[in-house]
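Engineer: One structure, as structure tokens, below. Some questions next.
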Amino acid sequence: MRPDERHHRLLTLARKNGRLEVADAAADFGVAPETIRRDLAELARRGLVRRTRGGAYPVESAGFETDLAQRVTLHVENKRRIAAQGAKLLGDAETVFVDEGYTPQILAGLLPTDRPLTVVTASLPTAAAVAESPHITTLLLGGRVRARTLASVGSWACSMLAGFVIDLAYIGSNGISRECGLTTPDPTVADVKAKALEVSRRRIFLGHHGKFGASSFCRFAEISDFETIITDTGLSAAEAHRYALLGPRVLRV
């Protein structure tokens with residue numbers, strides 16, 4: 001098999017499974033682990049994957065994005081810890097924007113139900129997670145619903161957000177890096193996230209360590225836009241400090 005064919009198959013497997021293990025790939029392809037490591041290094045150089053110890057994650061781009069079904073199976077324990085920490089930082093906020101994505105969806109289910117709270121979201125699953133609470137008012141943004149994420153996008157969603165003043169926004173992204181800021185593959189998604197940040201007094205980023213160092217097609221925020229970044233201990237303390245130097249507090253849970 002030619003290297004370019006192997007690169008294509010490796011990338012396809014990484015995108016299908018959400019992660020690629022060097023040892024497994026070497027056995028499947030009948031090559032030495034070092035060959036797979038060189039292949040992944042080349043894919044990482046081209047911005048298609050992000051290397052981790054023993055494997056790689058696919059980087060989401062204009063041509064590739066994981067769907068909600070994949071997101072609910074990857075890094076689940078990390079996402080639960082991140083969401084729980086995010087809920088603790090609610091403070092006295094009365095109006096909250098909860099972004100699309102699985103980690104924000106988990107967080108929504110952890111919001112207090114014993115006091116009045118207004119939750120604004122573009123995500124159908126998130127709206128469903130809180131809509132039955134008697135003390136939570138749920139505002140679902142209008143617009144075109146993306147089948148991949150079950151979230152609304154477009155001018156209607158942005159116009160609705162423009163009329164609000166929100167106390168706290170919980171934001172996710174497909175990638176976050178010190179060089180490129182926060183990014184997402186779809187311009188319409190980026191527009192909604194950027195507008196939510198614009199109308200919110202406080203901003204908290206939620207994302208597992210695999211998001212860090214990755215960049216996608218559309219930038220919608222800078223690191224300095226956030227008061228807090230919450231991730232897991234898969235992000236090294238040294239790297240967390242580098243992000244903290246750009247402004248936000250960085251919590252590893």
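Read in order, the letters of the sequence shown correspond to residues 1 to 253 in full-length UniProt numbering.
Just so you know, even glycine gets a beta-carbon here, dropped at the ideal spot from N, CA and C.
1. Going by C-alpha to C-alpha distance, which of D167, S152, Q85, R46 sits closest to A214?
2. Does the stretch 165 to 183 come close enough to the stretch 17 to 25 to have 3 or more Cβ pairs within less than 8 Å?
3. Taking the straight line between their C-alpha atoms, what separation do you get for A129 and Q105?
4. Would you decide whether P185 is buried or exposed? Buried here means 16 or more other CB atoms lie within 10 Å of its CB.
5. Report back the beta-carbon spacing between S123 and E94 to the nearest angstrom; my notes put them in contact at under 8 Å.
6. Mark H241 as exposed unless 16 or more other C-beta atoms lie within 10 angstroms of its C-beta, in which case mark it buried.
7. Give me the Cβ distance between R203 and F220, rounded to the nearest whole Å; I'm assuming they're in contact under 8 Å.
8. With DSSP as the reference, label L20 as helix, strand or coil.
9. Using three-state DSSP, classify T113 as helix, strand or coil.
10. What residue does the beta strand (DSSP E) around I171 start on, and which one ends it?
11. Have a look at the DSSP bridge pairing and note the partners of V98.
12. Below 8 Å on the Cβ atoms is my guess for E120 versus I166; work out the distance and round it to an integer in Å.
13. Which same chain residues end up closer than 6 Å to D191 when comparing Cβ atoms and leaving out the 5 residues on each side of it in sequence?
14. For the candidate residues V98, A194, R146, whose alpha-carbon lies nearest to that of T137?
15. Pull the bridge partners of Y57 from the DSSP assignment, please.
16. As a quick exercise: from D24, L40, K16, A27, pick the residue whose alpha carbon is nearest that of D4.
17. Pull up the distance between the alpha-carbon of L141 and that of L161, whole angstroms please.
18. Rounded to the nearest angstrom, how far is the Cβ of L111 from that of A84, given a contact under 8 Å?
19. Would you identify the three-state DSSP class for S159, choosing helix, strand or coil?
20. Assuming the contact rule is C-beta atoms closer than 8 Å, S216 and E60 should be a hit. Round their C-beta distance to whole Å, please.
21. Step through the CB atoms of chain B and report whether any lies within less than 9 Å of the CB of L20.
22. What is the C-beta distance between L139 and T118, in whole angstroms, given that I count them as a contact (C-beta under 8 Å)?
Structural biologist: A quick look at the data gives this:
1. To locate residue 214, count along the sequence shown from 1; it is residue 214. Taking only the C-alpha atoms, the option nearest A214 is R46.
2. No: the two stretches stay apart, fewer than three of their Cβ pairs being nearer than 8 Å.
3. Position 129 of the sequence shown, counted from the first residue, corresponds to residue 129. Position 105 of the sequence shown, counted from the first residue, corresponds to residue 105. C-alpha separation (whole angstroms): 7 Å.
4. Position 185 of the sequence shown, counting from 1, holds the residue named residue 185. With 16 or more other Cβ atoms from the protein chains shown falling within 10 Å of its own Cβ, P185 counts as buried.
5. Numbered from 1 along the sequence shown, position 123 holds the residue referred to as residue 123. Numbered from 1 along the sequence shown, position 94 holds the residue referred to as residue 94. With a Cβ gap of about 20 Å, S123 and E94 do not count as contacting.
6. Your numbering for residue 241 matches position 241 in the sequence shown. Looking at its Cβ environment, which holds fewer than 16 other Cβ atoms inside 10 Å, H241 is exposed.
7. Within the sequence shown, numbered from 1, the residue matching residue 203 stands at position 203. Within the sequence shown, numbered from 1, the residue matching residue 220 stands at position 220. No, R203 and F220 are not in contact; Cβ-Cβ is about 12 Å, not under 8 Å.
8. As a working mapping, residue 20 is identified with position 20 in the sequence shown. DSSP places L20 in strand when its eight states are reduced to three.
9. Position 113 of the sequence shown, counted from the start, is the residue given in the question as residue 113. If DSSP states are grouped into helix, strand and coil, T113 belongs with coil.
10. As a working mapping, residue 171 is identified with position 171 in the sequence shown. Looking at the DSSP string, the run of the beta strand (DSSP E) that includes I171 is 166 to 171.
11. In the sequence shown, the residue the question calls residue 98 occupies position 98. According to the DSSP secondary-structure assignment, V98 is paired through a beta bridge with T121, Y170.
12. Taking the sequence shown and counting its residues from 1, one reaches residue 120 at position 120. Taking the sequence shown and counting its residues from 1, one reaches residue 166 at position 166. The residue asked about is misnamed: residue 120 is Val in this sequence, not Glu. About 6 Å separates the two Cβ atoms, so the contact holds.
13. Translated into the one-based positions of the sequence shown, residue 191 becomes position 191. Short of 6 Å from the beta carbon of D191, and not among the five residues preceding or following it, lie these beta carbons of its own chain, in chain order: C158.
14. By one-based count along the sequence shown, residue 137 stands at place 137. Checked all of V98, A194, R146; the closest Cα to T137 is V98.
15. Start at 1 with the first residue of the sequence shown, and residue 57 comes out as number 57. Partner(s): R50.
16. Working through the sequence shown from its first residue, we reach residue 4 at position 4. D4 has its Cα closest to that of L40, out of D24, L40, K16, A27.
17. Against the sequence shown, residue 141 aligns to sequence position 141. Against the sequence shown, residue 161 aligns to sequence position 161. The straight-line gap separating the alpha-carbon atoms of L141 and L161 is approximately 8 Å.
18. Numbered from 1 along the sequence shown, position 111 holds the residue referred to as residue 111. Numbered from 1 along the sequence shown, position 84 holds the residue referred to as residue 84. Contact check for L111 and A84: beta-carbon distance about 11 Å, past the 8 Å limit, so the pair fails to qualify.
19. In the sequence shown, residue 159 corresponds to position 159, counting from 1. It is helical.
20. The residue you call residue 216 lines up with position 216 of the sequence shown. The residue you call residue 60 lines up with position 60 of the sequence shown. That belief holds up - the Cβ atoms of S216 and E60 are roughly 5 Å apart, short of 8 Å.
21. Here chain B cannot be found, since the structure has a single protein chain.
22. By 1-based counting over the sequence shown, the position of residue 139 is 139. By 1-based counting over the sequence shown, the position of residue 118 is 118. That belief holds up - the Cβ atoms of L139 and T118 are roughly 7 Å apart, short of 8 Å.
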